[in-house]
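What follows is a short report on a single structure.
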Amino acid sequence: MISTDSLFWIVLAVAIFGFIPFILHLIFREDRWDWKNININDIVFPDSFIWGTATASHQVEGGCNNNWSEFEKGYKDDGEPNIKDAQISGEACDHWNRISDDIKLIKDLGVKHYRFSLEWSKIEPEKGVYCKNALSHYSMMIDELISNGIQPVITLHHFAHPIWFDEIGAFEEEDNISHLVAFSERVFEEYSDRVKYWCTINEPGVVAIQGYFTGMFPPGLNNGRLTAEVYKNLLESHVQIYHQLKKHKNASKVKIGIVKNINQFEPWSRYNLFDWMFTLAMNHVFNWSAINFFKSGKLKFRVPFMMWHSHVNKKAKDSLDFFGLNYYSHNHIKFNPFRKDFSDLMYREEDTLTDMPYTIYAEGMYRAIKLVSSLGYPIIITENGVADKEDNIRAEYIAKYLYAVRKAMHDGYNVIGYYYWSLMDNFEWAFGYDMRFGLYKVDFDTQERSLREGSKTLIDIVKRHESEI
Ligand code: GAL
1 MISTDSLFWI
11 VLAVAIFGFI
21 PFILHLIFRE
31 DRWDWKNINI
41 NDIVFPDSFI
51 WGTATASHQV
61 EGGCNNNWSE
71 FEKGYKDDGE
81 PNIKDAQISG
91 EACDHWNRIS
101 DDIKLIKDLG
111 VKHYRFSLEW
121 SKIEPEKGVY
131 CKNALSHYSM
141 MIDELISNGI
151 QPVITLHHFA
161 HPIWFDEIGA
171 FEEEDNISHL
181 VAFSERVFEE
191 YSDRVKYWCT
201 INEPGVVAIQ
211 GYFTGMFPPG
221 LNNGRLTAEV
231 YKNLLESHVQ
241 IYHQLKKHKN
251 ASKVKIGIVK
261 NINQFEPWSR
271 YNLFDWMFTL
281 AMNHVFNWSA
291 INFFKSGKLK
301 FRVPFMMWHS
311 HVNKKAKDSL
321 DFFGLNYYSH
331 NHIKFNPFRK
341 DFSDLMYREE
351 DTLTDMPYTI
361 YAEGMYRAIK
371 LVSSLGYPII
381 ITENGVADKE
391 DNIRAEYIAK
401 YLYAVRKAMH
411 DGYNVIGYYY
421 WSLMDNFEWA
431 FGYDMRFGLY
441 KVDFDTQERS
451 LREGSKTLID
461 IVKRHESEI
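Numbering (the numbering used here), first residue to last: 1 to 469.
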C-alpha cells in the first residue's frame, strides 16, 4: 500500500518530469516538412530580390595580423591545438592580391551584391594610426565592384580585430566600444558615398559564446560572466555605431543593420526535462535575448549559476534599417553535467549531415525568418551555405533553403535578399581549411578557383526571374 506522502511525491514527480516537457513539446515545435511531396525544382523569386555572396577578410585575404592569427598559434589546456591540426590562416585565398580576378568570379555568378568585411587590423594597425594603403585598397575594390555592376556590402566587425584592441581587453571592457565606433566613423567617411549597405557586427552571440563559453574561438575561455558581458558590449557597439553613423551627411543614402545568426537549440529528447531546461537557456541567451533587446531596449541574460546580467539602452529599439539573418541549421542537445559546456551534440539518423557538425534543416530557415520578422524590419539573409567537400549535397541544400525563403515570402515575411556563404572555400575558423563552403572550389597550393557543380543550382535560381516565367 502506497502512503499518502509517497503518492504526493510520485504525483509531483510525474507532474514535473512528465507534464512540463509535454507542454513545452507543444509550445516549441520542431517543424518537419514532407519534402517528398514538395517540388524544389522550380523556385522563382521576384525581379527585385537581391542576390549576393559573402566572405570575411580574415578568412580570405591572407596576411592578417590580428587576434585570430595569434589564437591560431595556440593550444588548449588538454594539449589540442586551437585550430584543427594546428592549421593557420596564412595566405588564405590571397583575395587581397587577386581581387580583380575574384570580382570577375562574382560577376559570373550573376549576383549583384558582394558582402565582405574590412580588416580592421590592416586599416588601423596601431591605435589611432590609419594605413593609407589599406584604405585605398578597399576604395579601389569598391570602385571595381561597382564598375562590374556589383554593390559592395561592408561588414565592420567580422570576428577579427587588431592585436592592440585585444591587449586592452577587446569587448570585455565597455569603454573599448569607442574604438570600434571611431574606426567605423573613419571608414564610413571614406566609403559611404559609394556603399549603401553596412553591417555593423557579425554574429555577436557566436563571438561571445564561442570565445568565452565553449572556448572554440579566441580568447578560448569558459566563463559565463564574461560571455554575457562581451555579448552585451557587442550589441551595445552595434547601437552606438548605428546612431553615430546616422549623424553623417551620407546617412540618408545608406542602410545599416546588424548580422545575427539564429540557431535553434532543440532538446535531444522532447520528454526530458533536463534537455529542455538546457536548450531553453541556450535559446534564451543565443537567440531570444538579442531579439528582445531590439524590441524593447532591454537586454537580459538569465541563467542561474552561470550568468545573470541585464542592460538597458532604449536606443536599441531604433537601431536597424534591416536585419541581417545568418542561418545554417539547428542543433539537438543532450544535457550532460560532466562536460564544461554541459551538452552533447546529437544527430537524428534520418537527417543528412553536412561536413560541419550539423544537418540540413531548411525548415529552420523558415522558423528563423518568422522569429526575426517580429521586429518588423526588412530581412536580408546575409549568410547561408553548406560545407560539402565532395559537393554531394550542395545542390539539395541550396534548393531546399531557398524554397524555405520563398515560402516565407509567400506567407508575407519581408525577406529582400539572400547572400550565399561563401564565394569560395576559405579559412573556416576553428576548423581551418577542412570545411569547404565555396561556390568556387579553391586549390590552396595553386590558388586556382573552379566553379562547383552544385553551385549551378544557385546560378539557375538567380537567373530565373519571375517576369520571365
Ligand atoms: C558564420 C560566420 C562565417 C562562416 C560561416 C560558416 O558563423 O559568420 O564567417 O564561417 O559561419 O560556418
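Idealized CB from N, CA, C, for every residue including glycine. This one's a predicted model, so the numbers in the text were calculated from it and none came from an experiment.
DSSP places G417 in the strand class (E or B) of the three-state scheme. V111 is bridged by DSSP to nothing; it lacks a bridge partner. The three-state secondary structure of K255, taken from DSSP, is strand.
Within 7 Å of the C-beta of W421 there is at least one heavy atom belonging to ligand 1. For the 8 Å CB-CB criterion, F286 and N263 form a contact. Taking G297 as reference, the option from H238, Q447 and M346 with the minimal CA-CA separation is H238. By the neighbour-count criterion, in which a residue is buried when 16 or more other Cβ atoms sit within 10 angstroms of its Cβ, V11 is exposed. Straight through space, the alpha carbons of M216 and P304 are spaced by roughly 23 Å. In this structure, the straight-line span from the alpha carbon of H248 to that of D78 is close to 49 Å. In the structure shown, W120 adopts helical secondary structure according to DSSP, grouped into three states.
Taking the C-beta atoms as reference points, T200 is found nearer than 8 Å to L156. Around the beta carbon of W308, fewer than 16 other beta carbons lie within 10 angstroms, which makes this residue exposed. Distance from the CA of P81 to the CA of F71, rounded to the nearest whole angstrom, comes to 9 Å. Spatial neighbours of E61 in its own chain (CB-CB distance under 7 Å, excluding positions within 5 residues in sequence) are listed in chain order as A92, H95, W96 and E119. Taking C-beta atoms as the reference points, N384 and Y401 count as a pair closer than 8 Å. Between D460 and the set F17, D31, V44 and S117, the nearest pair of CA atoms involves V44. Residue side-chain check: W429 places its Cβ nearer than 7 Å to a non-hydrogen atom of ligand 1. Straight across, the Cα-Cα distance linking M140 with D355 is about 36 Å. Between V206 and N261 the beta-carbon gap is near 6 Å, inside 8 Å, which marks them as a contact. The closest CA to that of L320, considering only A290, L451, N223 and Y328, is found on A290. Following the DSSP letters along the chain, one finds I459 inside the alpha helix (DSSP H) bounded by residues K456 to K463. Assignment of beta-bridge partners to R302 by DSSP yields W308.
Residue state for W51 is assigned as strand, using DSSP reduced to three classes.
Rounded to the nearest angstrom, the Cβ distance from D275 to K334 is 6 Å, consistent with a contact under 8 Å.
Cβ atoms of E172 and E229 come within 8 Å of each other, at about 6 Å. Of all alpha-carbon atoms in I163, S89 and N41, the one lying nearest the alpha-carbon of D425 is that of S89. Here the C-alpha atom of E396 lies approximately 12 Å from the C-alpha atom of E453.
DSSP lists Y75 as the beta-bridge partner residues of P81. A direct Cα-Cα distance of roughly 12 Å separates Y347 from Y361. Looking at K370, E428 and G376, the one whose alpha-carbon comes closest to that of A387 is E428. Assignment of R394 by DSSP, reduced to helix, strand and coil, places it in the helix class. F8: member of the alpha helix (DSSP H) spanning T4 to V14, first to last residue. Remark: C-beta atoms of I50 and H113 approach each other more closely than 8 Å. Not one heavy atom of ligand 1 falls within 7 Å of the beta-carbon of N331. Every alpha helix (DSSP H) of 4 residues or more that sits fully in the stretch 223-284 is shown, in chain order, as 224-245 and 273-283. Closest by C-alpha distance to P204, out of G257, E185, K370 and A251, is G257.
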